[in-house]
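Participant:
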Amino acid sequence: MNQYLLLLHLFATFAMTGIIWFVQLIEYPLMHRSQGEAFRSYHAAYTKRMGFLVGPLMLLELATGVALSLLPVPGLPVLTLWIGLMLILLIWAATALLSIPCHHRLRHGYDSVTHRQLVATNWIRTAAWTLRSLLLITIINLAP
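If you're matching positions, the sequence shown starts at 317 in my numbering and goes up one per residue.
1. Taking a contact to mean a Cβ-Cβ separation below 8 Å, would you say residue 435 touches residue 344 in this structure?
2. Within the stretch 374 to 438, note down every full alpha helix (DSSP H) run reaching 4 residues or more, in order along the chain.
3. Roughly how many whole angstroms lie between the Cα atoms of residue 340 and residue 438?
4. Between the C-alpha atoms of residue 378 and residue 352, what's the straight-line distance to the nearest angstrom?
5. Check whether the Cβ atoms of residue 348 and residue 415 sit closer than 8 Å, and answer yes or no.
6. Relative to the C-alpha of residue 412, which residue among 362, 355, 371, 454 is closest?
7. Which residue wins for smallest C-alpha separation from residue 373, given the options 330, 401, 456, 417?
8. Taking Cβ positions, are residue 425 and residue 365 nearer each other than 8 Å?
9. If residue 336 and residue 396 are in contact, beta carbons under 8 Å, what's the gap, nearest whole angstrom?
10. Quick check: the Cα distance between residue 405 and residue 363, rounded to an integer number of angstroms?
11. Short check: CB of residue 328 to CB of residue 380, under 8 Å?
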């Protein structure tokens, strides 16, 4: 059963890693190309659709990360699982404290200072998800 948790966890983490790199390198840098009402409309659609995509994946990653930390697969390094869980909590904190407030400000219209802050602080989540993927690759290689 724990191996299925690990597979679900891998899926959620690898999916989020791919999404965050797409957002960081393509989506966020292109936001400035839309202005005025077009930006507000675009941003509302973007945040709604992105929420439907990443919300369930982030919840799945959190739930399976907690479960794997408490009920680890035999033979896997428990410390690595706990480090991964700490990175999940860092991602959630960065999302709640940095990304969401930026998006709340941007929903009123494009602002270059807020946009730069969003791009800059999103590197925290990008790095954390990348590290999580690397940790999980290590865990997979150690799995019995």
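From the three backbone atoms N, C-alpha and C, an ideal C-beta is built for every residue, glycine too.
Facilitator: Per the coordinate set shown:
1. For this step, residue 435 is matched to residue 119 along the sequence shown. For this step, residue 344 is matched to residue 28 along the sequence shown. Yes, Cβ-Cβ distance for residue 435 and residue 344 is below 8 Å.
2. 394 to 410, 416 to 422
3. Taking the first residue of the sequence shown as 1, we reach residue 340 at position 24. Taking the first residue of the sequence shown as 1, we reach residue 438 at position 122. Rounded to whole angstroms, residue 340 to residue 438 spans 7 Å at the Cα level.
4. Start at 1 with the first residue of the sequence shown, and residue 378 comes out as number 62. Start at 1 with the first residue of the sequence shown, and residue 352 comes out as number 36. Roughly 36 Å between the two C-alpha positions.
5. If you number the sequence shown from 1, residue 348 lands on position 32. If you number the sequence shown from 1, residue 415 lands on position 99. In this structure, residue 415 does not lie closer than 8 Å to residue 348 by Cβ.
6. As a position in the sequence shown, residue 412 is number 96, starting the count at 1. Ranking the options by Cα distance to residue 412, first place goes to 371.
7. Position 57 of the sequence shown, counted from the first residue, corresponds to residue 373. Comparing Cα positions, the closest option is 330.
8. Within the sequence shown, numbered from 1, the residue matching residue 425 stands at position 109. Within the sequence shown, numbered from 1, the residue matching residue 365 stands at position 49. Not in contact: residue 425 and residue 365 (Cβ atoms no closer than 8 Å).
9. By one-based count along the sequence shown, residue 336 stands at place 20. By one-based count along the sequence shown, residue 396 stands at place 80. Contact flag wrong, Cβ pair sits at about 21 Å.
10. As a working note, residue 405 is residue 89 in the sequence shown. As a working note, residue 363 is residue 47 in the sequence shown. In a straight line, the C-alpha of residue 405 is about 21 Å away from that of residue 363.
11. If you number the sequence shown from 1, residue 328 lands on position 12. If you number the sequence shown from 1, residue 380 lands on position 64. Yes, Cβ-Cβ distance for residue 328 and residue 380 is below 8 Å.
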